[in-house]
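Take a look at the structure set out below.
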Amino acid sequence: MKTYAYARVSASDQNLSRQLDAFKEFGVSKRNIFTDKKSGKDFERINYKKLIEKLKKGDLLVIKSIDRLGRNYNAIIDEWRLITHTIGADICVLDMPLLDTRSKYDSLTKKLISDIVLQVLSFVAENERINIRERQKEGIAAAQKRGVQFGRPRRYYSEDFIAVVQKFKDDKITTHEAISYLSINRTALYFHLDNLTKLGYLY
1420 MKTYAYARVS ASDQNLSRQL DAFKEFGVSK RNIFTDKKSG KDFERINYKK LIEKLKKGDL
1480 LVIKSIDRLG RNYNAIIDEW RLITHTIGAD ICVLDMPLLD TRSKYDSLTK KLISDIVLQV
1540 LSFVAENERI NIRERQKEGI AAAQKRGVQF GRPRRYYSED FIAVVQKFKD DKITTHEAIS
1600 YLSINRTALY FHLDNLTKLG YLY
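Letter by letter, the sequence shown follows residues 1420 to 1622 in our numbering.
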């Protein structure tokens, strides 16, 4: 049995360090960690596909949180079943202990609990992706009504980047947590907070 791990961020300017640190603490060998810097809207990711090819029955796949696997409800459910049923590997979601198919519960109870929690979290992950896009559209429309001109953007803001800044604005995370996750300094954080607000991406 081998233990693998998968980490993902949505954009090339985002940092994988928090996920990688969690895998190191769990004891996953560096050579068995696969990473992608791509949107979670589907599973068309080069290194994720390489990981799936390596997974065998009895292996363990570790991920930090369910949204790192993906953000499309149906696709997450299908992929979970591929890994746990078709391939026969286990999955451990570090941020959600109930999503650990190695559970001590009997197989039927384990499947019931896992399926319920998985469907709820998968829905939340996709719903957040949809909400972010809707807020972006609404923000752009509102900004255009105010006379803001949108040319070629100087910077592309990923869904995850905007979500982190939104949480910071809402006082759900600290300054230290925000700059750590985004891998930027305090000055840059406030610059992007102001810029995203002006562009109407934040609410």
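Note that the Cβ used here is the ideal one computed from N, Cα and C, for glycine as well.
*Quick one: give me the first and last residue of the alpha helix (DSSP H) that LYS1509 is part of.*
The sequence as given places Asp at residue 1509; Lys does not occur at that position. DSSP places ASP1509 in no alpha helix (DSSP H) but in the uninterrupted beta strand (DSSP E) bounded by 1509–1512.
*Compute the distance between the beta-carbons of GLY1446 and ASP1486, then report whether it is under 8 angstroms.*
The Cβ atoms of GLY1446 and ASP1486 do not sit closer than 8 angstroms to each other.
*By the 10 Å Cβ neighbour count, where 16 or more other Cβ atoms means buried, how is LYS1483 classified, buried or exposed?*
Under this definition LYS1483 is a buried residue.
*Give the DSSP-derived three-state secondary structure of VAL1428 in the structure shown.*
If DSSP states are grouped into helix, strand and coil, VAL1428 belongs with the strands.
*State the DSSP-derived secondary structure class of THR1520, mapped to helix, strand or coil.*
Residue state, collapsed to three classes: coil.
*Please report how far the alpha carbon of LYS1617 lies from the alpha carbon of HIS1611, in whole angstroms.*
Going by the C-alpha atoms only, they are around 10 angstroms apart.
_When you compare the CB positions of ILE1510 and LEU1517, do they come within less than 8 angstroms of one another, or not?_
The Cβ atoms of ILE1510 and LEU1517 do not sit closer than 8 angstroms to each other.
*Please state whether DSSP places THR1422 in a helix, a strand or coil.*
The answer is strand: DSSP assigns THR1422 an E or B state.
*Does the beta-carbon of THR1593 have 16 or more other beta-carbons within 10 angstroms, so that it is buried, or is it exposed?*
Residue environment for THR1593: exposed (fewer than 16 other C-beta atoms within 10 angstroms of its C-beta).
*What three-state label does DSSP hand THR1593 in the structure shown?*
THR1593 falls in the coil class under three-state DSSP.
*Which residues bound the beta strand (DSSP E) around LYS1456?*
Going by DSSP, LYS1456 is part of the beta strand (DSSP E) stretching over 1452–1456.
_At least three beta-carbon pairs within less than 8 angstroms, the segment 1465–1484 to the segment 1434–1451_ = Short answer: they touch.
*Count the other CB atoms within 10 Å of the CB of ILE1465; is the residue buried (16 or more) or exposed (fewer)?*
Counting every other CB atom within 10 Å of its CB across the protein chains shown gives ILE1465 a total below 16, marking it as exposed.
*asked:* Checking the sheet assignment: what are the DSSP bridge partners for ILE1482?
replied: Paired residue(s): TYR1425 and VAL1512.
*asked:* Quick check: THR1520 and THR1505, are their CB atoms within less than 8 angstroms of each other?
replied: No, they are not a contact pair.
*Is the distance from the Cβ of TYR1600 to the Cβ of ARG1554 below 8 angstroms?*
No, these two residues do not count as a Cβ contact at 8 angstroms.
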